[in-house]
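Trainee: Note that the numbering used here has the sequence shown beginning at 43, numbered continuously upward. For every residue, glycine included, the Cβ atom is placed at its ideal position computed from N, Cα and C.
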Amino acid sequence: MSISSPRLFGLWLLGLVCLGVTFAASAAPVLRLAYFCPTDRTPLPGYAERLERVMTNVQAFYREGMARNGFGPLTFALDRGAGGALHILQVKGRSPTPDYGRDAAGRMVEEVRQAFRAQGVDLRRETVLIFSPLLEWQNGRAIELGPYCGLGAAAMVYDDPLLDPRELGSKRPGGYYGRPCSIGEFNSHYLGGVAHELGHAMGLPHDAANRAARAARGHSLMGDGNHTYGQELRGEGQGTFLSAASAAPLSRHPLFTGVAVARSAERVVWSGLQAQWAAGKLTVSGKCDATPRAAQMVAYQDPEKPRMDYDAAGFAAPVAADGCFQIVIDEFQAGRCELRLRAILEDGRDSTRAFGYEVDPQGAPRLEELTRAFVTMRLSSALLKDTAQEARLVARQTASEHPADTVIQSQAALVERLLKPPPLRSPAEIPAGEKTVVLSDCSYVSAKVGWGRLVRDRALPEGDQAFLMVGGRFYQRGLFAHAPSRLAFALDGRWQWFQGGGGLQDGSAGSVRLVLRGDGRTLYESAVVKDHRPVEFRVSVAGVEQLELVAEDAGDGATSDWSVWLDPKLER
Numbered sequence: 043m044s045i046s047s048p049r050l051f052g053l054w055l056l057g058l059v060c061l062g063v064t065f066a067a068s069a070a071p072v073l074r075l076a077y078f079c080p081t082d083r084t085p086l087p088g089y090a091e092r093l094e095r096v097m098t099n100v101q102a103f104y105r106e107g108m109a110r111n112g113f114g115p116l117t118f119a120l121d122r123g124a125g126g127a128l129h130i131l132q133v134k135g136r137s138p139t140p141d142y143g144r145d146a147a148g149r150m151v152e153e154v155r156q157a158f159r160a161q162g163v164d165l166r167r168e169t170v171l172i173f174s175p176l177l178e179w180q181n182g183r184a185i186e187l188g189p190y191c192g193l194g195a196a197a198m199v200y201d202d203p204l205l206d207p208r209e210l211g212s213k214r215p216g217g218y219y220g221r222p223c224s225i226g227e228f229n230s231h232y233l234g235g236v237a238h239e240l241g242h243a244m245g246l247p248h249d250a251a252n253r254a255a256r257a258a259r260g261h262s263l264m265g266d267g268n269h270t271y272g273q274e275l276r277g278e279g280q281g282t283f284l285s286a287a288s289a290a291p292l293s294r295h296p297l298f299t300g301v302a303v304a305r306s307a308e309r310v311v312w313s314g315l316q317a318q319w320a321a322g323k324l325t326v327s328g329k330c331d332a333t334p335r336a337a338q339m340v341a342y343q344d345p346e347k348p349r350m351d352y353d354a355a356g357f358a359a360p361v362a363a364d365g366c367f368q369i370v371i372d373e374f375q376a377g378r379c380e381l382r383l384r385a386i387l388e389d390g391r392d393s394t395r396a397f398g399y400e401v402d403p404q405g406a407p408r409l410e411e412l413t414r415a416f417v418t419m420r421l422s423s424a425l426l427k428d429t430a431q432e433a434r435l436v437a438r439q440t441a442s443e444h445p446a447d448t449v450i451q452s453q454a455a456l457v458e459r460l461l462k463p464p465p466l467r468s469p470a471e472i473p474a475g476e477k478t479v480v481l482s483d484c485s486y487v488s489a490k491v492g493w494g495r496l497v498r499d500r501a502l503p504e505g506d507q508a509f510l511m512v513g514g515r516f517y518q519r520g521l522f523a524h525a526p527s528r529l530a531f532a533l534d535g536r537w538q539w540f541q542g543g544g545g546l547q548d549g550s551a552g553s554v555r556l557v558l559r560g561d562g563r564t565l566y567e568s569a570v571v572k573d574h575r576p577v578e579f580r581v582s583v584a585g586v587e588q589l590e591l592v593a594e595d596a597g598d599g600a601t602s603d604w605s606v607w608l609d610p611k612l613e614r
């Protein structure tokens with residue numbers, strides 16, 4: 043089952059024909075349901091009765107999970123009519139089945155959204171679960187034809203005649219999931235998939251829970267629990283549970299609180315982050331000053347390898363009324379890791395910060411690296427302060443608190459320099475007596491970037507990260523430009539060498555190719571850069587009148603292609 047990012051929203055624009063239900067405006071948030079059929083398919087017989095059982099079962103799973111995590115018997119509200127019948131909007135697609143393949147999630151959601159709009163429901167403010175009869179049986183094999191994923195506030199799952207929670211305990215043959223299996227196991231996968239993908243639609247990322255919870259209770263729903271749902275009814279395992287890291291965000295979700303919140307402007311300020319290690323446990327504390335206030339804190343401890351988030355161990359803790367929190371993490375894997383802190387606000391929104399660091403072979407986190415990451419966030423935030431005076435104060439306080447850390451000292455100095463940068467000069471006009479110049483101190487002839495703007499010696503901030511970071515290393519000097527970009531500088535034949543490096547800003551998932559051109563002639567071309575290891579170059583620019591720094595999108599689109607030219611210097 044493919045999974046899409048739980049926080050991405052598609053551009054939902056296309057129209058279609060809809061059948062069946064007329065909706066009244068709902069005062070309290072409810073989960074919307076749709077049944078989507080391509081032009082060459084019709085709803086499966088008895089789908090309404092089966093989906094009533096399916097949704098009641100999933101609803102009960104979440105209710106029990108929330109109660110076991112200390113939030114009481116909270117669960118999502120289903121959209122029902124005055125008589126209690128489940129509202130399921132039948133949606134007829136514009137095209138036949140072949141047009142709704144595994145990668146057609148965005149298109150399907152667009153068409154469903156338009157159908158709801160015709161009924162007076164704006165799905166941009168709602169959560170929707172979409173069933174479709176796109177699981178096709180061929181010679182005893184179940185073939186997945188359409189999308190099965192979470193996309194923004196929508197989830198797409200399959201309907202099937204075998205889909206029924208009453209069959210979860212069945213050991214009768216007749217099911218299929220990658221191989222022949224029992225009807226009960228079929229439901230573990232596909233009914234568990236309904237619960238899992240709905241979790242994504244409600245904003246839950248993948249979460250393997252933590253070691254203690256797994257040992258006691260089995261498989262986390264948002265880890266691999268979509269494949270073990272209800273297996274305990276067949277005596278085949280411990281089954282699936284809702285982790286604390288999943289329950290905490292849901293405790294503030296409008297579908298669980300029953301309150302449609304009028305969302306004001308969001309303000310989140312993280313401060314005072316500290317890490318302590320003792321008795322095999324990492325305690326992270328700090329303050330999240332937010333409007334609306336932060337209610338819960340979730341931490342995900344995610345090993346870098348393998349590159350997936352299904353193995354992220356999740357932990358949760360409440361946030362005090364003054365924004366202070368303390369969360370304890372006790373599961374580590376040697377190697378590079380990422381710690382993600384996610385503050386859950388009162389109205390259900392969230393704010394996440396991520397920190398990369400190393401865990402040693404004995405399973406202990408390198409606190410100095412994690413502490414530096416916390417301080418880097420603080421200094422990076424200083425660049426976003428409302429006044430230069432406030433930013434300068436933060437930089438000087440931080441430098442005085444860490445006198446022996448050369449990286450922190452450099453970052454603090456950079457904050458002050460960026461508050462009052464030197465005037466830009468054209469390389470063609472710099473006196474011959476100056477043998478070296480950093481290109482980020484130079485004016486350009488032209489600059490075109492794929493998104494945003496060209497930034498010097500810093501990055502466009504992603505969250506609180508405004509420093510140039512590649513491969514976990516901080517760079518004081520550089521040029522930050524989203525690909526495809528082309529930066530042109532006048533040299534007037536007065537320079538001999540151009541040297542530096544380039545790469546992708548940490549946190550970027552794209553790929554680029556870096557090219558240097560002199561008067562239209564290629565001087566250097568990198569291989570495709572799709573990791574966060576910087577490339578280095580030193581090329582002759584003798585006689586070059588105009589130097590161009592080009593970042594191409596590497597042929598796979600420009601999504602997340604945040605390119606960085608590192609320490610770019612001209613030499614005589």
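Counting only runs that start and end within the segment 273 to 307, where is the alpha helix (DSSP H) found for 4 or more residues in a row?
Mentor: If we require 4 residues or more, the alpha helix (DSSP H) runs fully inside the segment 273 to 307 come out as 286 to 292, 296 to 299.
Trainee: Using the Cβ count rule (16 or more neighbours within 10 Å means buried), how would you classify T169?
Mentor: Classification for T169: buried.
Trainee: State the Cα-Cα distance for the pair G514 and A160, rounded to the nearest angstrom.
Mentor: One C-alpha to the other measures close to 50 Å.
Trainee: Where S212 and R183 are concerned, what is the direct C-alpha to C-alpha distance, given to the nearest angstrom?
Mentor: For S212 and R183, the distance between alpha carbons rounds to 18 Å.
Trainee: Does DSSP put P207 in a helix, a strand or coil?
Mentor: Looking at P207 - three-state DSSP - the assignment turns out to be helix.
Trainee: Identify which residue in D392, P345, A243, R276 has its Cα closest to the Cα of P207.
Mentor: For the residues D392, P345, A243, R276, the minimum Cα distance to P207 belongs to R276.
Trainee: So A415 packs on A424, CB below 8 Å; how close in whole Å?
Mentor: The Cβ separation is near 15 Å, so there is no contact.
Trainee: Please specify which runs of the alpha helix (DSSP H), each continuous and at least 4 residues long, are wholly inside the segment 229 to 280, giving them in chain order.
Mentor: If we require 4 residues or more, the alpha helix (DSSP H) runs fully inside the segment 229 to 280 come out as 253 to 259.
Trainee: According to DSSP, is S442 part of a helix, a strand, or is it coil?
Mentor: Residue state, collapsed to three classes: helix.
Trainee: Can you tell which of E458, R105, Q180 has the C-alpha that lies nearest to the C-alpha of A441?
Mentor: Of the listed residues, the one whose Cα sits closest to A441 is E458.
Trainee: Classify N181 as buried or exposed, calling it buried when 16 or more other Cβ atoms lie within 10 Å of its own Cβ.
Mentor: N181 should be labelled exposed.
Trainee: As an exercise, report each continuous beta strand (DSSP E) stretch of at least 3 residues that is fully enclosed by the segment 340 to 368, in chain order.
Mentor: Within the segment 340 to 368, the complete beta strand (DSSP E) runs of at least 3 residues are 355 to 360.
Trainee: In three-state DSSP terms, what is D392?
Mentor: D392 falls in the strand class under three-state DSSP.
Trainee: Can the beta-carbon of V310 be found less than 8 Å from the beta-carbon of A385?
Mentor: The answer is yes: Cβ separation under 8 Å.
Trainee: According to DSSP, which residues form a beta bridge with L131?
Mentor: DSSP, once it has assigned bridges, lists A76 as partnering L131.
Trainee: Can you find the residues in the same chain that come closer than 6 Å, C-beta to C-beta, to G655, ignoring five residues on each side of it along the sequence?
Mentor: Nothing in the structure corresponds to residue 655, since the chain is present only between 43 and 614.
Trainee: Pull up the distance between the alpha-carbon of A359 and that of A336, whole angstroms please.
Mentor: Each residue's Cα considered, the two are about 11 Å apart.
Trainee: Residues in the same chain with beta-carbon distance under 6 Å from E178, minus the five sequence neighbours each way, listed in chain order, please.
Mentor: Answer for E178: I185, L187, listed in chain order.
Trainee: Which whole-angstrom value is the C-beta distance of A195 and I172, which I expect to be below 8 Å?
Mentor: A195 to I172, Cβ: 11 Å. No contact.
Trainee: When DSSP labels each residue in this structure, what does E471 get in the three-state scheme?
Mentor: Three-state DSSP puts E471 in a helix.
Trainee: Could you name the residues that DSSP lists as bridge partners for G560?
Mentor: The partner list for G560 (beta bridge, DSSP) reads R563, L589.
Trainee: L426: buried (16+ other C-beta within 10 angstroms of its C-beta) or exposed?
Mentor: Exposed, by the Cβ-count rule.
Trainee: What does the Cβ neighbour count give for G226, buried or exposed, with the cut at 16 atoms within 10 Å?
Mentor: Burial call: buried.
Trainee: Distance, Cα to Cα, D353 vs Q588?
Mentor: About 49 Å.
Trainee: Verify whether the separation of the beta carbon atoms of Q507 and G549 is less than 8 Å.
Mentor: Yes, these two residues count as a Cβ contact at 8 Å.
Trainee: For G597, which of R575, V586, V570 has the nearest alpha-carbon?
Mentor: When only C-alpha atoms are compared, the closest one is V570.
Trainee: Going by DSSP in three states, S527 sits in which element: helix, strand or coil?
Mentor: Three-state result, S527: strand.
Trainee: Excluding the 5 residues flanking P403 on each side, which residues of the same chain have their C-beta closer than 6 Å to its C-beta?
Mentor: Only A376 meet the Cβ criterion.
Trainee: Do the segment 364 to 381 and the segment 310 to 329 make contact, defined as three or more Cβ pairs closer than 8 Å?
Mentor: With the cut-off at 8 Å, the segment 364 to 381 and the segment 310 to 329 touch.
Trainee: Note down, in chain order, each residue of its chain lying with its Cβ closer than 6 Å to the Cβ of S488, except the 5 sequence neighbours on either side.
Mentor: Cβ within range, chain order: A530.
Trainee: In three-state terms, what does DSSP make of Q338?
Mentor: Strand, per DSSP.
Trainee: Restricting to Cα atoms, I'd like to know which of R495, D483, E443 is closest to G520.
Mentor: Selected option, being the one with the closest Cα: D483.
Trainee: Spell out the partners DSSP gives M150 in its beta bridges.
Mentor: M150 is not bridged to any residue.
Trainee: Hey, quick one: how far does the beta strand (DSSP E) through R384 stretch, first residue to last?
Mentor: Counting along the chain, the beta strand (DSSP E) containing R384 begins and ends at 377 to 387.
Trainee: On the DSSP bridge list, what partners appear for M511?
Mentor: In the DSSP output, where bridge partners are listed per residue, M511 has F516.
Trainee: CB-CB under 6 Å to G380, same chain, minus the five flanking residues each way: which ones, in chain order?
Mentor: The sequence given here has Glu at residue 380, not Gly. So the qualifying residues of the chain are D344, A396, G398.
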